[in-house]
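Notes to accompany the following structure.
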Amino acid sequence: MTIRKLLACLLTALIMTGCAQKPEPEAEKVKAMEAEEVSEEKLTVRHHVQGNSLYVECFVPDISFSAKQSGKQLGKVLLYIDGQLYNEYSTAAFMVKNLPSGAHTFTVEIVNKDNRPLGMSRDFTATIE
């Protein structure tokens, strides 16, 4: 009878442990607060600052950044920092390193292969430490 009680207690404890909700890790909360998303109907821009680097990710459903993908218009990203053209990228995600400290305004503009605007741009600000 003692073994049955012991097994019943273990089974009950196992069931109770499986039903408990696990606490959310603090690291995931911090990561979610650091990243910011700016959205528009045809363009979604996410950015993340780490030290003096900025990671930018663009989601544009109707545009391809690779000539290998057919069926979509070929485009590229122009990045402006504080109103000045910084660089152009032919990828949807890129990293800008060694930015100067302080608050900066960034503009992401989607253009075609001939640098003609496609009517999609987003502005965001980020503080570099």
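Going by the numbering used here, the first residue of the sequence shown is number 3, and it counts up by one from there.
All C-beta atoms in this analysis are idealised placements derived from N, C-alpha and C, irrespective of residue type, glycine included.
Does DSSP classify residue i as helix, strand or coil?
i      : result
Lys33  : In this prediction, Lys33 has a pLDDT of 43, which is less than 50 and means its spatial position is unreliable; nothing more can be read from the coordinates.
Thr4   : helix
Ser123 : strand
Asn89  : strand
On the criterion of 16 or more Cβ atoms from any shown chain inside 10 Å, does residue i qualify as buried, or is it exposed?
i      : result
Glu111 : buried
Ile5   : exposed
Met122 : buried
Leu56  : buried
At least one CB of chain B closer than 8 Å to the CB of residue i: is that the case?
i     : result
Ser55 : As a matter of chain content, chain B is missing from the structure shown, which is built from one protein chain.
What does the alpha-carbon distance come out to for the pair residue i and residue j?
i     : j      : result
Lys78 : Leu45  : 13 Å
Glu38 : Arg48  : Its pLDDT being 44, under 50, Glu38 is placed unreliably by the model, and the measurement read from it follows with that caveat. Approximately 6 Å, taken between the alpha carbons.
Asn89 : Phe108 : 12 Å
Tyr82 : Arg124 : 10 Å
Asn54 : Asp84  : 16 Å
Does the Cβ-Cβ distance between residue i and residue j come in under 8 Å?
i     : j     : result
Phe61 : Ser92 : no
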